[in-house]
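If you count by my numbering, then the sequence shown holds residues 94 to 227, one letter each, in order. Heads up, the beta-carbon is just placed ideally off N, CA and C, and yes, glycines get one too. A quick note: this is a predicted structure, and the numbers were derived from the prediction, not measured. Report on the structure given below.
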Amino acid sequence: MKKILNEGFSLVELIIVMVLIGILAAVAVPRMSNTINSGEEASENGVLAALESAVEMYAMDQVVENSSRSYPYNPFDHMEKVPQGYTGENSVLDEDGEWTFENGQWIAHQRNDNRRYKWSYNSNTGQFGDRVAY
Numbered sequence: 094m095k096k097i098l099n100e101g102f103s104l105v106e107l108i109i110v111m112v113l114i115g116i117l118a119a120v121a122v123p124r125m126s127n128t129i130n131s132g133e134e135a136s137e138n139g140v141l142a143a144l145e146s147a148v149e150m151y152a153m154d155q156v157v158e159n160s161s162r163s164y165p166y167n168p169f170d171h172m173e174k175v176p177q178g179y180t181g182e183n184s185v186l187d188e189d190g191e192w193t194f195e196n197g198q199w200i201a202h203q204r205n206d207n208r209r210y211k212w213s214y215n216s217n218t219g220q221f222g223d224r225v226a227y
């Protein structure tokens with residue numbers, strides 16, 4: 094007499110596996126989103142640090158050349174390498190990853206999730222403000 098072997102998974106086993114995958118996805122997706130946001134924030138911080146450095150180098154050059162400290166109107170103009178996505182002055186942020194210098198006082202960036210942030214810039218003092226969502 095032949096013995097029939099049941100091969101494969103039962104319906105209960107398949108449902109349990111699907112529930113476990115759902116739980117893992119529910120935990121992983123928010124963490125991945127937070128990681129992406131942290132990465133974009135770190136990238137913005139890097140660009141701002143490069144802008145601050147460029148502004149200070151410009152100011153020191155002005156001290157040497159003119160014996161007076163002054164700061165550039167547009168800090169992007171004095172960077173060794175402008176960030177990818179820089180679109181110039183007063184351009185509209187309409188694509189992910191774009192940077193612009195607005196109205197002589199704001200540095201603006203659009204993130205990949207379409208959120209926009211800006212930082213104030215004072216060309217009289219060379220100071221940058223905090224990140225503000227808009």
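Nearest in C-alpha terms to residue 188, of all of 209, 129, 152, 227, is 209. For a cut-off of 8 Å, the C-beta gap from residue 216 to residue 166 is around 5 Å, short enough to register as a contact. Of the residues 170, 158, 124, the one whose Cα lies closest to the Cα of residue 143 is 170. Rounded to the nearest angstrom, the gap between the Cα atoms of residue 127 and residue 120 is 12 Å. Residue 195 has 199 as its beta-bridge partners, per DSSP. The Cβ atoms of residue 203 and residue 190 sit closer than 8 Å to each other. According to DSSP, residue pairing for residue 220 in a beta bridge involves 215.
Contact between residue 147 and residue 164 does not hold, since their C-beta atoms are separated by about 10 Å, which reaches or exceeds 8 Å. Just so you know, the alpha carbons of residue 129 and residue 101 end up roughly 39 Å apart. In the structure shown, the three-state DSSP call for residue 182 is strand.
Distance between residue 106 and residue 112, taken at the CA atoms: about 10 Å. Taking C-alpha positions only, residue 122 is separated from residue 141 by approximately 29 Å. Residue pairing from DSSP leaves residue 208 without any beta-bridge partner.
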